[in-house]
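Have a look at the structure below, then the notes.
Residue numbers (the working numbering): 95 to 473.
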C-alpha cells in the first residue's frame, strides 16, 4: 500500500482527506510544512498533497523544499480561487503534478491521486532500470579489467578505497561518482601490452616510450566510460586525473574538479606505496612536501586517517575449489611454472574465480592460495 502525506493546518481538512483516502492508501497527516519535512527525512512517500495557505510556510514553499528531499515523490497542491497566482508559481518552483481547487469532490480527488501514484511508479521504475543498467555496465567494465589487466584492477581497488575515504571526509554530495571514478581509473590499461602493465605497477624503472604509453591510460579509460549514461562526470575525472592545477582549473569546475584532484592524490599515494613499500601515512607525509597547494594539502590530511579494511578480516589458506566471491588474495597466485596468474591484493569476483579454475584444470596452480575473508560474527 502506497504512503501518502497530507499537509494542512486545518484538522477538519485532514480528517476529510483521511476519510477519502484511507481505504486505498497508507495516510500520514501533519499540520505544518516543517513537520512534514522532518517526517520526510525518515520515510518515503509516493505522493504529497498540501494546502496552499498555511502559517509560517505556505504550500508552495513546502513543496519546493519537499522536492529537494524526495524528487521522485509526486506533489499536489490544494488551493482556493484567490490563490491562483501563487499556485501557478508553485507549479514552476515545486514541479507540482496537479493543483486542485477547494472544495475538491471525492471522485476527482481519488482520480488525481490514482494518476499521481501511477506517475510515481513509472518514475521509480525508470530510475531502477537506469540504476540497474548503470550497475551492470560498471560490473562489465570492472570484470573486463580484472580479466585483461589484473594488476591494474588490483590497484584500482585500493584507489577506490582512498577515493571513498576522501569523499566521505570532505562530505561530498555525490560520493558514488568518486568511488566509481576510483574503480574505473585504471580501465584504460586494457589497451596496453600485459608485460608493460606488470612493469608499470612494479618498482622497475620505465623507458621514455613506456611512460608515454602509460600516459594514455586516463584518456582511453575516459573514452570507454563516457559512453555510459550518468557517467560523464566520472569520465572527466578519469581523463583529468594527471592534469596540473592550472589545466584542471581552466577546464573543470565543482565536484568534477575535486574528483580529478582526489584521483591524482590517490594515484600518487598508491604509486608510492607500491614502489617503496611504505604505509599510507608515510606516503602522505612524503607527498605533503611536494604537493603544496591548499586543496592537495587538505586531501592529503584527509587521507592520513585512512585505515585499510583489514581489521575485520582473517587470513585463510584455501584450494582453488574453495575460492569464494569477496575473498582478497594475500599473495600472488602462481602457476606450476611459477608465472603469476593473479596478483596479490585482488578481490575475487566470478570471472576471476572462473579464470583460476580453468587455469588450474589446464596448466595447474600452486596451492594452497592465501586469502583473507571476513571474520565470523561474534553474535
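Idealized CB from N, CA, C, for every residue including glycine.
Keep in mind the model is a prediction, meaning the values are calculated, not measured.
- The continuous beta strand (DSSP E) containing residue 144 extends over residues 141 to 145.
- The DSSP-derived three-state label of residue 387 is coil.
- Within the DSSP secondary-structure output, residue 241 pairs in no beta bridge.
- For residue 267, no alpha helix (DSSP H) run applies, since DSSP gives it neither H nor E.
- Assignment of alpha helix (DSSP H) within the segment 288 to 330, counting only whole runs of 4 or more residues, yields 288 to 294, 302 to 308, 311 to 320 in chain order.
- Annotation: the continuous beta strand (DSSP E) that includes residue 194 extends over 192 to 195.
- In the structure shown, residue 459 falls within a strand segment according to DSSP collapsed to helix, strand and coil.
- For residue 335, same chain residues with a beta-carbon under 7 Å away, outside a window of 5 residues either side, are 279, 312, 354, 357, 358, 361 in chain order.
- Contact between residue 382 and residue 394 is confirmed by a C-beta separation of about 5 Å, below the 8 Å threshold.
- Residue 125 carries a coil assignment under DSSP once its states are collapsed to helix, strand and coil.
- Of 320, 325, 387, the smallest CA-CA separation from residue 340 is found for 387.
- Buried is the label assigned to residue 121, since at least 16 other Cβ atoms lie within 10 Å of its Cβ.
- For the pair of segments examined, the segment 441 to 454 was found not to touch the segment 255 to 269: the number of CB pairs separated by less than 8 Å stays below three.
- Going by DSSP, residue 352 is part of the alpha helix (DSSP H) stretching over 348 to 370.
- Here the alpha carbons of residue 242 and residue 289 stand approximately 12 Å from one another.
- With contacts defined by Cβ atoms closer than 7 Å, residue 146 and residue 171 form a contacting pair.
- Taking C-beta atoms under 8 Å as the contact rule, residue 189 and residue 169 qualify, at a distance of about 7 Å.
- Setting aside the 5 residues that flank it on each side, residue 130 is surrounded in the same chain by 99, 101, 124, 142, 144, 156, 160, each with a C-beta closer than 8 Å to its C-beta; the list follows chain order.
- With a contact defined as Cβ atoms closer than 8 Å, residue 284 and residue 245 miss out at about 12 Å.
- Going by beta carbons, residue 254 and residue 273 fall inside the 7 Å limit.
- Between the segment 223 to 240 and the segment 420 to 435 there are fewer than three C-beta pairs closer than 8 Å, too few to call the two in contact.
- Cβ neighbours of residue 304 within its own chain (closer than 8 Å, five residues either side excluded): 290, 293, 294.
- Its Cα nearest to that of residue 114, the residue 207 stands out among 126, 207, 191, 301.
- Residue environment: residue 333 is assigned as buried (16 or more neighbouring CB atoms within 10 Å of its CB, all protein chains considered).
- In the displayed model, residue 109 falls within a helix according to three-state DSSP.
- For the 7 Å CB-CB criterion, residue 414 and residue 459 form a contact.
- Taking a C-beta distance under 7 Å as the contact criterion, residue 247 and residue 239 qualify as a contact pair.
- Nearest in C-alpha terms to residue 408, of all of 375, 444, 468, 457, is 468.
- Residue 166 holds the alpha-carbon nearest to the alpha-carbon of residue 134 among 166, 149, 103.
- Selection 117, 126, 385 evaluated against residue 107 yields 126 as nearest (Cα-Cα).
- Shortest Cα-Cα distance from residue 328 to any of 104, 346, 337, 350 involves 350.
- An exposed status is given to residue 384, since fewer than 16 other beta-carbon atoms sit within 10 Å of its beta-carbon.
- Straight-line measurement puts the Cα of residue 111 at about 9 Å from the Cα of residue 200.
- Of the candidates 136, 378, 128, the residue whose Cα lies closest to the Cα of residue 158 is 128.
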